[in-house]
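UniProt numbering applies: residue 1 is where the sequence shown begins, and numbers increase by one.
For each residue, glycine too, the CB sits at the ideal point set by N, CA and C.
Here is the structure we will look at.
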Amino acid sequence: MWDDILQEISYIDIIKLKEIYKKYLPRTSHAYNYLNCVIKWKSSQNAKNYVTLMAPYGNWRKGTFIGIAECNCYEIFISTLEEDNEALCRALINTKKIIWNTRLLLYDVNSDLNRIAMKALEKTTFQFHEEFVCNLWGMSYKKARNLQINCPPEVYIDTLDSSHAELINFHWPHKYKDSENYIATLIEMNGGYGVFLKSNGALVTWIVRNLLGLGILQTLDEYKRRGYGSLITKVLSKEIGKEGLDPMGSVLKSNISSQRMFQNIGFEILGSVTFTENKEMRGYSHNSIL
């Protein structure tokens, strides 16, 4: 007898699940990259149990799973290979393993699937606050590993470390309470790159590798329009491509300049993804009167 409709997927079975998604590449590269990152984290010597993967009744063989990343908030990633989403919706509605009225974000979910999930969550304690609809830009790993890197003479490229998290978080438009720890965790587990001034070593542009690929790309205002964002995107994309993975990044549809940058580098739009916050993510208590 199951104690909950959602049952954890073992490490060995996550590897098998990734192989199922591999059969449908490149269509499934979005979820494939996520699974690859989860496996990497769970096999790391520095690993903490940041991410738990679960499936309805433990049945992951049809490609339906829910990922729960815990680092100062819940990040919920959902994916399925099934045409019928009944099992997924039933799991979202009935599980007790996800606390819907704590700080929570539906993370980088396929927009069609996100709409189905949000309909199901109307039957839970989840309280919608805001959603961010993005284009998902991707590039084949074969193309990415051949990207040319030309660094301007006034700057140099170096890896990020956790000491940079405070600055990155300060300028991050999507920051939330304690999100500096989240950024530090991503840097510790996945890494990232920065563009630094040769004159004084100041960090002026950065990109962090998130659970799917390219994330938290930003340039300080006074250093924009110098090509630093494109430069650092190519650096991380090339690294990801050399691992045999397709680099990808989510860009707000309203962010025209970043859309143009990805297009100019050679990325293509793979589809639409949505990030959905509940009210607790922005400091509203479950019983707040708005």
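Query, Result
"Along the chain, where does the alpha helix (DSSP H) containing S111 start, and where does it finish?", "S111 to L121"
"The beta strand (DSSP E) with N269 in it runs from where to where?", "As written in the sequence, residue 269 is Ile, which differs from the Asn given in the question. Residues E268 to N278."
"What residue ranges within the UniProt domain \"DUF5645\" (5-113) form continuous alpha helix (DSSP H) runs of no fewer than 4 residues, ordered along the chain?", "11-22, 29-43 and 86-94"
"On the DSSP letters alone, give me the boundaries of the alpha helix (DSSP H) that I207 sits inside.", "No alpha helix (DSSP H) contains I207, which is instead part of the beta strand (DSSP E) from L203 to R209."
"Could you say which of R61, S250 and T185 lies nearest to T80 if we only look at CA atoms?", "R61"
"Strictly by DSSP, which residues pair up with N135?", "V251 and S272"
"By DSSP's criteria, E130 is part of a beta bridge. Which residues make up the other side?", "E277"
"For Y228, which of helix, strand or coil comes out of DSSP?", "helix"
"Tell me which residue opens and which closes the alpha helix (DSSP H) that T185 is part of.", "S179 to N190"
"Keeping to the same chain, check which residues put their C-beta closer than 7 Å to that of I78; ignore five residues upstream and five downstream.", "I66, L88, V109, L113 and A117"
"Please report the residue range of the alpha helix (DSSP H) in which L167 lies.", "A165 to H171"
"Quick one: is I289 buried, meaning 16 or more other Cβ sit within 10 Å of its Cβ, or exposed?", "Any reading at I289 needs caution, since the residue's pLDDT is 28, under 50, leaving its predicted position unreliable; the model's value is listed next. By the neighbour-count rule (16 or more Cβ atoms within 10 Å), I289 is not buried but exposed."
"On the DSSP letters alone, give me the boundaries of the beta strand (DSSP E) that Y156 sits inside.", "V155 to T159"
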